[in-house]
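Numbering (my numbering), first residue to last: 1 to 595. We treat Cβ as the ideally placed atom computed from N, Cα and C, and that holds for glycine. Step one of this worksheet: look at the structure below.
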Amino acid sequence: MSRIDLVRRMVSDEDGSVAVIVSLVLTVLLGFVAFGVDVASLYRDRARLQATSDLTAMSAISDQGNAESRALAAIARNGAPDATLARLEHGRFLRNPAIPAESRFSVQPAGNPGNNAVRVVLEDESPLHFARVFSEASHVTLDRTAMASRTALASFTLDSHVAHLDGEALNDLLAQSFGVNARITAGDMDLLAERRLDSGALIAALSGLMENPPRNPAAIFDEAVPTETMVAALQSLLPGTLASALDGMADGAGGQSFAVSDLVGGIDSALGMTATETLAEIDISALDVVRATVAARSGGRDLDVPVNLAVPGLLSADVQVTANEPPARSGWIALGEDGVQLSRAAVRLSTDIELSTAILGNLGLGVDVARINLPIAAEIAGATAQLDEIACAPTESTDLAARFITAPTPLHPGNGTSVAALYLGSHGAGAGLIDPANLEFADIVEVNVTIAVPLLPDIVIPGITIQARSHVEVGTSRAETLTFSHGEITHSDLEDEKISKSFGSADLLSSAVGDLFAPEHLELRVDPEQTGLVSGVAGPIVSGLLPVLRTQLLGQVTAPVDSVLDAALAEIGIELGAGELTLTGLHCETVRLVR
């Protein structure tokens, strides 16, 4: 066999080729297995790091004040060193479908009142195993990001509101605002008061009646809707017969608008679903929705207040109440985060009190009282409550849940820091605050003077008018702090009752009425147009009348005036110098991971 044949045979011989091919393929397969081990290890370490990141973010947001220490503690519990925490950011997250997902989180300085989210970035090294054969690196750096949010909200009311009326007084205001057909029977009013509504369902019903509801469900809080639409939303949640009791309101709305923030105010609508979901935890009576709707239309209006008293010496009392326009976005209920405020407008009672002429007793020889009429106004400062702090991570039942700062809203600067003011006289302030400097004299007493002349007929001077002017400031404005503990809230939930706390000083009225008629405040004079009438022979009688009248007014008139003002304030649910804050809910959102 030639050499050429040997070479050709060796080339064509396939003995042992399978072993060679297998060995080559096994080498490749083993390489893939090696890579698979490393890839699986990297995936495992990455998943572990993500889980640690999630737990770290959730732990940090649970107590933002100690976010970093809680984050490091969570990392340590998961067996990682502190250096794993590469970055911790505080900020605000908005669950708002109208905002692009990538724009819903904004970084804010730590401690910023609006912070409701924490974002953490964790970094760790994952070792390489078989992959080291192909690379000089011994490890791969992994980083994972997690973000958790929790929004803390509180809802509360202030029980010092002119429209917090019942019975005939509320019906009078309904008739003034919506027409006589808007009156509600006593039985239906009781049923409306007993009917508790889910605020979330009410707002959802209102949204459903809007032609083009926005993508952000909370944007409705910035909207003004036709009043009849608000009434229709309320009716949709009531039984048919009770809903029909509000037909008069709907028919008499007359195209007026109703700001939704007049019902629920203070909330940041950008919070989106956080705001609307929280509403489901707040209930409100159907009658309060009626009151809120009426209150939105009653600012600056005079409302007649029925006062039926059996007080010695009192013949009649006409009382009107006027509320100033409330601050914008100050609803019936406030819902919001730290810093949210709820305000009530100042209120003025205007009274025209007619007293029996016998109440003043003997004013002197020849003096006969023909009429006593006292035009007295009581101006009561509004109130403001601000949510100062809300805490969602208690360790003890006595731990703080919510803290509020309350204070009266100021009257006219001429009243300084007083919480109320009483006026006897003519103020002419219309619907605005009274300026004490503009207080004028008003007619209060009319007397007939008889002068006996020996051997001649008596001289009778009828219709001498005595005028008066007086002004007193009542109480001193001061800020007060009201606190609610988690234990109090738990107890109220078990009892199914809301917690209310009072602020201010009560029992100021009686002393204030006495001061109004005190000599140092009360100015008396004869009507200047009658000066010539009482000169001459009548002069001494009139001069002696004024000091006696001053004494008798203080001693005899204070009690009936005090009774009238007390009854009127009780009718509209206001206590001079005092208020009541009711915490309707503490809403600590569930800690959630967000992307």
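Contact belief for residue i with residue j at Cβ below 8 Å, rounded distance in angstroms
{"i": "L85", "j": "L122", "result": "6 Å"}
{"i": "A464", "j": "I372", "result": "Residue identity check: residue 464 is Ile in the sequence provided, not Ala. Actually they are not in contact, since the Cβ atoms of I464 and I372 sit about 13 Å apart, beyond 8 Å."}
{"i": "V107", "j": "T56", "result": "About 17 Å; that fails the 8 Å criterion."}
{"i": "D562", "j": "L494", "result": "41 Å between Cβ atoms; not a contact."}
{"i": "V321", "j": "L303", "result": "5 Å"}
{"i": "I267", "j": "G336", "result": "5 Å"}
{"i": "L439", "j": "G425", "result": "5 Å"}
{"i": "A377", "j": "L565", "result": "Actually they do not touch by this definition, with Cβ atoms about 10 Å apart."}
{"i": "F156", "j": "L342", "result": "6 Å"}
Beta-carbon contacts of residue i that lie in its chain and below 8 Å, excluding the five residues immediately before and after
{"i": "R183", "result": "N171, L174, A175 and G248"}
{"i": "R595", "result": "A101 and M147"}
{"i": "I75", "result": "T52, T56, P81, D82, T84, L85 and L122"}
{"i": "A604", "result": "The shown model of the chain, from 1 to 595, leaves out residue 604, and the question about it has no answer."}
{"i": "V542", "result": "V449, I464, V526 and V534"}
{"i": "S257", "result": "A224, V225, P226 and T227"}
{"i": "E580", "result": "L158, D159, S160, S500, K501, S502 and F503"}
{"i": "V340", "result": "A154, G266, I267, A334, Q386 and L387"}
{"i": "L554", "result": "G514, F517, A518, P519 and L522"}
{"i": "R592", "result": "A148, S149 and R150"}
Spatial distance of residue i from residue j (CA atoms)
{"i": "S285", "j": "L197", "result": "6 Å"}
{"i": "I353", "j": "G114", "result": "52 Å"}
{"i": "A538", "j": "A358", "result": "22 Å"}
{"i": "A609", "j": "D188", "result": "The shown model of the chain, from 1 to 595, leaves out residue 609, and the question about it has no answer."}
{"i": "P658", "j": "Q64", "result": "Beyond the ends of the chain as shown, which are 1 and 595, falls residue 658; an answer cannot be given."}
{"i": "V260", "j": "A346", "result": "22 Å"}
{"i": "S199", "j": "A437", "result": "46 Å"}
{"i": "C588", "j": "A518", "result": "53 Å"}
{"i": "A280", "j": "V33", "result": "55 Å"}
{"i": "G111", "j": "A152", "result": "14 Å"}
{"i": "P394", "j": "T590", "result": "14 Å"}
{"i": "N96", "j": "D318", "result": "52 Å"}
{"i": "L263", "j": "L206", "result": "12 Å"}
{"i": "L583", "j": "E389", "result": "13 Å"}
{"i": "R516", "j": "Q386", "result": "The sequence as given places Leu at residue 516; Arg does not occur at that position. Approximately 33 Å between the Cα atoms of the pair."}
{"i": "S356", "j": "D435", "result": "31 Å"}
{"i": "P462", "j": "L546", "result": "17 Å"}
{"i": "S567", "j": "I499", "result": "Here residue 567 is Ala; the residue named in the question, Ser, does not match the sequence. Taking the straight line from one Cα to the other gives about 26 Å."}
{"i": "R681", "j": "E68", "result": "Outside the displayed span of the chain (1 to 595) sits residue 681, for which this structure offers no information."}
{"i": "G36", "j": "L29", "result": "10 Å"}
{"i": "T384", "j": "A479", "result": "10 Å"}
{"i": "G585", "j": "R403", "result": "13 Å"}
{"i": "T483", "j": "S41", "result": "53 Å"}
Residue i burial status per 10 Å Cβ neighbour count (16 or more: buried)
{"i": "E228", "result": "buried"}
{"i": "A80", "result": "buried"}
{"i": "G504", "result": "buried"}
{"i": "H491", "result": "exposed"}
{"i": "N212", "result": "exposed"}
{"i": "M230", "result": "buried"}
{"i": "E497", "result": "exposed"}
{"i": "I21", "result": "exposed"}
{"i": "P528", "result": "exposed"}
{"i": "T274", "result": "buried"}
{"i": "P560", "result": "buried"}
{"i": "A186", "result": "exposed"}
{"i": "T481", "result": "exposed"}
{"i": "V39", "result": "exposed"}
{"i": "E575", "result": "buried"}
{"i": "A169", "result": "buried"}
{"i": "D458", "result": "exposed"}
{"i": "L26", "result": "exposed"}
Residues near residue i in its chain [Cβ-Cβ closer than 7 Å; skip 5 each side]
{"i": "A391", "result": "D399, L400 and A401"}
{"i": "A233", "result": "L202, A205, L206 and L209"}
{"i": "G577", "result": "V419, A420, V474, G475, G504, S505, A506 and L508"}
{"i": "N116", "result": "R92, F93, S149, R150 and T151"}
{"i": "V294", "result": "A163, L173, L174 and S177"}
{"i": "L238", "result": "R195 and A286"}
{"i": "T276", "result": "G200, I203, P217 and A218"}
{"i": "L49", "result": "L122, D124, L142 and R144"}
{"i": "Q530", "result": "I464 and T465"}
Nonlocal neighbours in the same chain, by C-beta distance under 6 Å from residue i, ignoring five residues either side
{"i": "G514", "result": "T558"}
{"i": "A193", "result": "S285 and L287"}
{"i": "S59", "result": "R70 and A74"}
Cβ-heavy atom distance, residue i to the ligand SAM, below 7 Å
{"i": "Q108", "result": "The ligand SAM is absent from the structure shown, which contains no ligands of any kind."}
Within the chosen definition, does the region 39-47 reach the region 122-129 through at least 3 CB pairs nearer than 8 Å?
-> yes
At least 3 beta-carbon pairs within less than 8 Å: the region 518-528 vs the region 547-556 | yes
Three or more C-beta pairs below 8 Å linking the region 303-320 and the region 215-235 | no
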